[in-house]
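**Student:**
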Amino acid sequence: DVKVTQSSRYLVKRTGEKVFLECVQDMDHENMFWYRQDPGLGLRLIYFSYDVKMKEKGDIPEGYSVSREKKERFSLILESASTNQTSMYLCASSLHRGPQPQHFGDGTRLSIL
Amino acid sequence: KQEVTQIPAALSVPEGENLVLNCSFTDSAIYNLQWFRQDPGKGLTSLLLIQSSQREQTSGRLNASLDKSSGRSTLYIAASQPGDSATYLCAVQYGNNRLAFGKGNQVVVIP
Numbered sequence: 017d018v019k020v021t022q023s024s025r026y027l028v029k030r031t032g033e034k035v036f037l038e039c040v041q042d043m044d045h046e047n048m049f050w051y052r053q054d055p056g057l058g059l060r061l062i063y064f065s066y067d068v069k070m071k072e073k074g075d076i077p078e079g080y081s082v083s084r085e086k087k088e089r090f091s092l093i094l095e096s097a098s099t100n101q102t103s104m105y106l107c108a109s110s111l112h113r114g115p116q117p118q119h120f121g122d123g124t125r126l127s128i129l
Numbered sequence: 056k057q058e059v060t061q062i063p064a065a066l067s068v069p070e071g072e073n074l075v076l077n078c079s080f081t082d083s084a085i086y087n088l089q090w091f092r093q094d095p096g097k098g099l100t101s102l103l104l105i106q107s108s109q110r111e112q113t114s115g116r117l118n119a120s121l122d123k124s125s126g127r128s129t130l131y132i133a134a135s136q137p138g139d140s141a142t143y144l145c146a147v148q149y150g151n152n153r154l155a156f157g158k159g160n161q162v163v164v165i166p
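Protein sequences appear in the order of chains S and U.
Start counting the first sequence at 17; every next residue gets the next number (the numbering used here).
Start counting the second sequence at 56; every next residue gets the next number (the numbering used here).
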């Protein structure tokens, strides 16, 4: 079974802090994704990556960056956290670039005070 | 732009009744459609994936159908149980490996 692990279930940070959310998958998947989920807005894609050191913007990349130095790890970075980034963040991975099912982690509920 | 709609947003059914959840999407050029389950405060668990060439998929009490030409999918859950209470999300895969999600059906099964 695919295992996608997000380092924190809950996180509380202050406005202006630099925040790192970590995601690790254990199945040698090429693709990794970061989403945020908000009530009434559903899941929205922030960034995704097809390979190491490769990234592409999703639908709402503003205020975020990502890092993929190793194939199994994909980090989401909030450069200067703001209250409107309070949300549930979900990481996913899929096997390769073709149409493949995405497997999700348990999510990180991030609160910015 | 691909848009996915799930109506109603919330529903309640008595235990033992069959559940029928509907999903519609605007662009029929999809690779596949996935149904997910999400429990409160948790991530997404994949239930069923239907490839664009398929008409349905079954797993235990769950059956999902796909009518790509009309842009519709239906998830059936037979003989619902209180443990089926959750939010069910529909997502279509299109374009460059993108997923477009519906906002979900929040289901409560009443004992």
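Idealized CB from N, CA, C, for every residue including glycine.
It should be emphasised that the depicted structure is a prediction, and the values quoted were computed from it without experimental measurement.
1) If distances are taken between C-alpha atoms only, which option among 135(U), 124(U), 137(U) and 162(U) comes closest to residue 79(U)?
2) If we call anything under 8 Å between Cβ atoms a contact, is residue 65(S) one with residue 36(S)?
3) Should residue 112(S) go down as buried or exposed, given a rule of 16 or more other Cβ atoms within 10 Å for buried?
4) Could you list which residues in chain S have their beta carbon closer than 9 Å to that of residue 101(U), in chain order?
5) Look up residue 73(U) in the DSSP assignment and say whether it is helix, strand or coil.
6) Taking 8 Å as the CB-CB limit, is residue 156(U) close to chain S?
7) Would residue 96(U) count as contacting chain S if we go by Cβ distances under 8 Å?
8) Could you work out which residues of chain B lie near residue 111(S), taking near to mean beta carbons separated by less than 9 Å?
9) Give the C-beta separation of residue 59(S) and residue 129(S) to the nearest angstrom, bearing in mind that I take them to be a contact with Cβ-Cβ under 8 Å.
10) Less than 8 Å separating the beta-carbons of residue 89(U) and residue 146(U)?
**Tutor:** Reading off the structure:
1) 124(U)
2) no
3) exposed
4) 117, 118, 119 and 120
5) coil
6) yes
7) yes
8) As a matter of chain content, chain B is missing from the structure shown, whose protein chains are S and U.
9) Actually they are not in contact, since the Cβ atoms of residue 59(S) and residue 129(S) sit about 24 Å apart, beyond 8 Å.
10) yes
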